[in-house]
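Participant: So the sequence shown is residues 711 to 1264, counted in the working numbering. Idealized CB from N, CA, C, for every residue including glycine.
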Amino acid sequence: MSRLLAVSVLTASIGLALAPAHAANAPDISAQRLSQIVRTLSSDEFEGRAPATAGETKTVDFIVSQMKAAGLEPGGDMKDGKRGWTQAVPLLRSDITGTPQLSLAVGGKPQVLTQGEQVAVRAALTGAKSVSIENAPLVFLGYGVKAPERNWDDYAGVDTKGKIGVVLINDPDFEAGQGDFGGKAMTYYGRWTYKFEEAARQGLAGLLIVHETEPASYGWNTVKNSNTNTMFDVVRDNPSGSHPQLEGWMQRDVAVDLFKRAGLDFDALKKQAQTRGFKPVEIKGATFSAKYDVDSQVITSQNVVGRLTGKKRADETVIYSGHWDHLGIGQPDAKGDRIYNGAVDNATGIAAMIELGRAFAKAPRTDRSIVFLAVTAEEKGLLGSEYYASKPVYPLGKTVGVINMDALDPNGLAKNFTISGSAKLDLLDRLTGTAKTFGLAYSPDPHPEAGYFFRSDHFPFAKRGVPAISYGSGNDWVDGGVAAAEADQAKYTEERYHQPADQWEASWTFAGMAHDLGMLYTLGRDLANSNDWPNWSQDSEFRGARDQTAADRR
711 MSRLLAVSVL TASIGLALAP AHAANAPDIS AQRLSQIVRT LSSDEFEGRA
761 PATAGETKTV DFIVSQMKAA GLEPGGDMKD GKRGWTQAVP LLRSDITGTP
811 QLSLAVGGKP QVLTQGEQVA VRAALTGAKS VSIENAPLVF LGYGVKAPER
861 NWDDYAGVDT KGKIGVVLIN DPDFEAGQGD FGGKAMTYYG RWTYKFEEAA
911 RQGLAGLLIV HETEPASYGW NTVKNSNTNT MFDVVRDNPS GSHPQLEGWM
961 QRDVAVDLFK RAGLDFDALK KQAQTRGFKP VEIKGATFSA KYDVDSQVIT
1011 SQNVVGRLTG KKRADETVIY SGHWDHLGIG QPDAKGDRIY NGAVDNATGI
1061 AAMIELGRAF AKAPRTDRSI VFLAVTAEEK GLLGSEYYAS KPVYPLGKTV
1111 GVINMDALDP NGLAKNFTIS GSAKLDLLDR LTGTAKTFGL AYSPDPHPEA
1161 GYFFRSDHFP FAKRGVPAIS YGSGNDWVDG GVAAAEADQA KYTEERYHQP
1211 ADQWEASWTF AGMAHDLGML YTLGRDLANS NDWPNWSQDS EFRGARDQTA
1261 ADRR
């Protein structure tokens, strides 16, 4: 008996012990198959699964073959009256060509900056073929937030034309843990995506975000690896309305030195920026210059869509989602490895989806349809899920809910589970109830300050009102407890997240995933066999969007 087969047997026996109420109906979720799929998808052969590369072609073909073998039906775009396996996703792809020329100057004394070291500048997503900024004035804009409902405006009174903004990451009350932005829990105002969007709306020539590991929730390596390779965006009618000409990050030490040379105190200004009375501060005598060419073109990537048609109400849909992409081939690590394999992030979610599809295909057909949606370009800003949610294959008004799976724990069993963020919705209540029968307790997101709610593919659905969660593996392991799980997560974030080292490990048992997927299967099956329409809580910011589609569900 192989080690992984032994794990499967162990998982099944533990599942029987933990979930007597569902033992008779428990699906066959194989830890061995999960491991094999993750191992395949994260192998060097798939070249890091970047969109619009040979790695995408291999990945899409593999997922389609697995969905076919699992017994799913094609659920994607219509062609000649029949559905295919994919949904075409047009994207703007941009690369910096050559080495960008970047520099800071204070009092006329220039400091040359190295891409990926002091700064990480992104390829322009405005459609421009080049970026040329010469001696643009710098202005400190606090956290770069304009929130009228909170009576907060970090742009108040500033002339933004031709200037480069410098802003802090996360929310103004992250460090204090209390204030106008929900305390430690990150709001959307804390996300880098928002900060670039607001900079464009305010007319800045560019924006540099100061990186600090704790408020960002990841180290500089993650910033470098995520921002110095190929950039993507959805195709926009007015891309300059969403992106300034220059978007980038700056190391904290570089920012501290810049402020000091300009006669400013970085830490003191950071404290001021955490108060409502903050006003923009000109970094006197400081300028920024950038010059580089951009290879920009529209390409077509693919979401992969499998489906099991409901036997009674086929037009009503439960969705399981996860992203297939990772970072592809990029900057080498200390060992010279350039392939960003993405084993945990997110070969685990795709393996989970395929195994769930297999389980549903073997079981009696549900009343409602079930869709298995593997999306592209999550790593570039949730673009595949954003495209699907904006141009859904199946109407959002009749989408019952979305269960997203991103970066699941391939280790052993846990006593609990979580979801990204702290949103209140009926879908979580159902999940919590189902989990109890599997011996799992719900634990609120242990790191809401990291803003995970805005970083996974359920978010484009949520902001359009569809009840959606992103499932998270537990942080209280059966073997080792919270201490062992948190230590493992911290090590992963530091050493593997968005780095070439996120590779398959023979030591992974996949026992926890196999057990938890039985619970997620039960949740989806019960939803698909019910007449229920879960909703957000009455005070949720997403409730209004859901209620606007109420007529679709009558």
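#1: Could you give the residue range of the beta strand (DSSP E) that holds residue 957?
#2: May I ask which residues mark the beginning and end of the beta strand (DSSP E) holding residue 931?
#3: Quick one: what does DSSP say residue 678 is sitting in, helix, strand or coil?
#4: So residue 1037 and residue 765 are supposed to be a Cβ contact under 8 angstroms. How far apart are they, rounded?
#5: Thinking just about the alpha-carbon of each residue, which of 835, 1222, 770, 1191 is nearest to the one in residue 939?
#6: Quick one: residues in its chain with C-beta nearer than 7 angstroms to the C-beta of residue 1203, no 5 flanking neighbours on either side, listed in chain order?
#7: Less than 7 angstroms between the beta carbons of residue 933 and residue 959, yes or no?
#8: Determine whether the Cβ of residue 1147 lies closer than 7 angstroms to any Cβ atom of chain B.
#9: Closer than 8 angstroms is the cut-off here; do at least three beta carbon pairs connect the stretch 937-954 with the stretch 909-917?
#10: Would you list the one or two residues that DSSP bridges to residue 1001?
#11: Does the beta-carbon of residue 882 have 16 or more other beta-carbons within 10 angstroms, so that it is buried, or is it exposed?
#12: Pull up the distance between the alpha-carbon of residue 1008 and that of residue 1000, whole angstroms please.
#13: Going by beta-carbon coordinates alone, are residue 1187 and residue 1124 separated by less than 7 angstroms?
#14: My parser needs the beta strand (DSSP E) runs of 3 or more residues fully inside the stretch 1055-1110; what are they?
#15: Tell me whether residue 1245 is buried or exposed, calling it buried when 16 or more other Cβ atoms sit within 10 Å of its Cβ.
#16: For residue 734, I'd like the list of residues in its chain whose CB is within less than 6 angstroms of its CB, leaving aside the five on either flank, ordered along the chain.
#17: Which of helix, strand or coil does DSSP assign to residue 1222?
#18: Return the bridge partner residues of residue 821 from the DSSP annotation.
#19: Looking at the structure shown, is residue 1264 part of a helix, part of a strand, or coil, going by DSSP?
#20: Spatial neighbours of residue 1236 within its chain, please: C-beta separation below 8 angstroms, excluding the five flanking residues on both sides.
#21: Based on Cα-Cα distance, which residue from 1113, 1217, 976 lies nearest to residue 1227?
#22: Hey, which unbroken runs of the alpha helix (DSSP H) at 4 residues or more fall wholly within the stretch 872-925?
#23: How big is the Cα-Cα spacing for residue 1258 and residue 1175?
#24: Are at least three pairs of beta-carbons, each pair with one atom in the stretch 1053-1071 and one in the stretch 734-743, less than 8 angstroms apart?
#25: My assumption, with CB atoms under 8 angstroms, is that residue 988 sits in contact with residue 852. Please give the rounded CB distance.
#26: Looking at the secondary structure, which residues open and close the beta strand (DSSP E) in which residue 1183 lies?
#27: Looking at the strands, I want to know which residues DSSP matches up with residue 996.
#28: Give me, in chain order, the residues of the same chain whose beta-carbon lies closer than 7 angstroms to that of residue 1157; leave out the 5 immediate sequence neighbours on both sides.
#29: Tell whether a beta-carbon distance below 7 angstroms holds between residue 869 and residue 855.
#30: Where does residue 947 land, buried or exposed, given buried means 16+ other C-beta within 10 angstroms?
#31: Within 10 Å of its beta-carbon, does residue 1195 have 16 or more other beta-carbons around it, so buried, or fewer, so exposed?
#32: Report yes if the C-beta distance between residue 1079 and residue 1027 is below 7 angstroms; otherwise report no.
#33: Can you confirm whether the stretch 771-782 touches the stretch 976-993 when touching is taken to mean that 3 or more C-beta pairs between the two stretches lie within less than 8 angstroms?
#34: Does the stretch 826-842 come within contact of the stretch 1045-1062, defined as at least 3 CB pairs closer than 8 angstroms?
#35: Kindly give me the distance between the Cβ atoms of residue 1213 and residue 931, rounded to whole angstroms, as I take these residues to be in contact under 8 angstroms.
#36: In angstroms, rounded to a whole number, what distance separates the CA positions of residue 985 and residue 886?
Facilitator: So, from the listed chains and residues:
#1: Your numbering for residue 957 matches position 247 in the sequence shown. Where residue 957 is concerned, the enclosing beta strand (DSSP E) stretches over 956-961.
#2: Within the sequence shown, the letter at position 221 stands for residue 931. Run containing residue 931: none in the beta strand (DSSP E); it sits in the alpha helix (DSSP H), 930-937.
#3: In the structure displayed, the chain extends from 711 to 1264; residue 678 sits before or after that span and is not available.
#4: In the sequence shown, residue 1037 corresponds to position 327, counting from 1. In the sequence shown, residue 765 corresponds to position 55, counting from 1. With a Cβ gap of about 10 angstroms, residue 1037 and residue 765 do not count as contacting.
#5: The residue you call residue 939 lines up with position 229 of the sequence shown. Looking at the Cα atoms, 835 is the closest of the given residues.
#6: Here residue 1203 corresponds to residue number 493 of the sequence shown, with the count starting at 1. Excluding sequence neighbours, residue 1203 sits near 928.
#7: Position 223 of the sequence shown, counting from 1, holds the residue named residue 933. Position 249 of the sequence shown, counting from 1, holds the residue named residue 959. Contact flag set, yes.
#8: Given the protein chain composition of this structure (a single chain), no chain B is represented.
#9: yes
#10: As a first step, residue 1001 must be located in the sequence shown, where it is residue number 291. Bridge partners of residue 1001: 811, 842.
#11: If you number the sequence shown from 1, residue 882 lands on position 172. Buried is the call here.
#12: Along the sequence shown, read from residue 1 onward, the residue named residue 1008 stands at position 298. Along the sequence shown, read from residue 1 onward, the residue named residue 1000 stands at position 290. For residue 1008 and residue 1000, the distance between alpha carbons rounds to 24 angstroms.
#13: Residue numbering aside, residue 1187 sits at position 477 when the sequence shown is read from its first letter. Residue numbering aside, residue 1124 sits at position 414 when the sequence shown is read from its first letter. Yes. Within cutoff.
#14: 1078-1085
#15: Translated into the one-based positions of the sequence shown, residue 1245 becomes position 535. Buried, by the Cβ-count rule.
#16: To locate residue 734, count along the sequence shown from 1; it is residue 24. In this prediction, residue 734 has a pLDDT of 47, which is less than 50 and means its spatial position is unreliable; what the coordinates show is noted afterwards. So no residue of the chain qualifies.
#17: As a working mapping, residue 1222 is identified with position 512 in the sequence shown. Three-state DSSP puts residue 1222 in a helix.
#18: Here residue 821 refers to the residue found at position 111 of the sequence shown. Answer is 814.
#19: In the sequence shown, residue 1264 corresponds to position 554, counting from 1. Coil.
#20: By one-based count along the sequence shown, residue 1236 stands at place 526. Result list for residue 1236: 1140, 1144, in chain order.
#21: In the sequence shown, residue 1227 corresponds to position 517, counting from 1. Selected option, being the one with the closest Cα: 1113.
#22: 902-911
#23: For the purposes of this step, residue 1258 is identified with residue 548 of the sequence shown, where counting begins at 1. For the purposes of this step, residue 1175 is identified with residue 465 of the sequence shown, where counting begins at 1. Those two C-alpha atoms are separated by around 9 angstroms.
#24: yes
#25: Position 278 of the sequence shown holds residue 988. Position 142 of the sequence shown holds residue 852. Residue 988 to residue 852, Cβ: 5 angstroms. Contact.
#26: Numbered from its first residue, the sequence shown carries residue 1183 at position 473. Element bounds for residue 1183: 1178-1183.
#27: In the sequence shown, residue 996 corresponds to position 286, counting from 1. DSSP lists 816 as partners of residue 996.
#28: Reading the sequence shown from its first residue, position 447 is the one you call residue 1157. Correct list, in chain order: 927.
#29: Position 159 of the sequence shown, counting from 1, holds the residue named residue 869. Position 145 of the sequence shown, counting from 1, holds the residue named residue 855. Not closer than 7 angstroms, so no.
#30: Start at 1 with the first residue of the sequence shown, and residue 947 comes out as number 237. Result: exposed.
#31: As a first step, residue 1195 must be located in the sequence shown, where it is residue number 485. Residue 1195 should be labelled buried.
#32: For the purposes of this step, residue 1079 is identified with residue 369 of the sequence shown, where counting begins at 1. For the purposes of this step, residue 1027 is identified with residue 317 of the sequence shown, where counting begins at 1. Contact flag set, yes.
#33: no
#34: no
#35: Within the sequence shown, the letter at position 503 stands for residue 1213. Within the sequence shown, the letter at position 221 stands for residue 931. Contact doesn't hold; Cβ gap of about 16 angstroms is too wide.
#36: Residue mapping note: residue 985 aligns to position 275 of the sequence shown, counting from 1. Residue mapping note: residue 886 aligns to position 176 of the sequence shown, counting from 1. Residue 985 and residue 886: Cα-Cα distance of roughly 11 angstroms.
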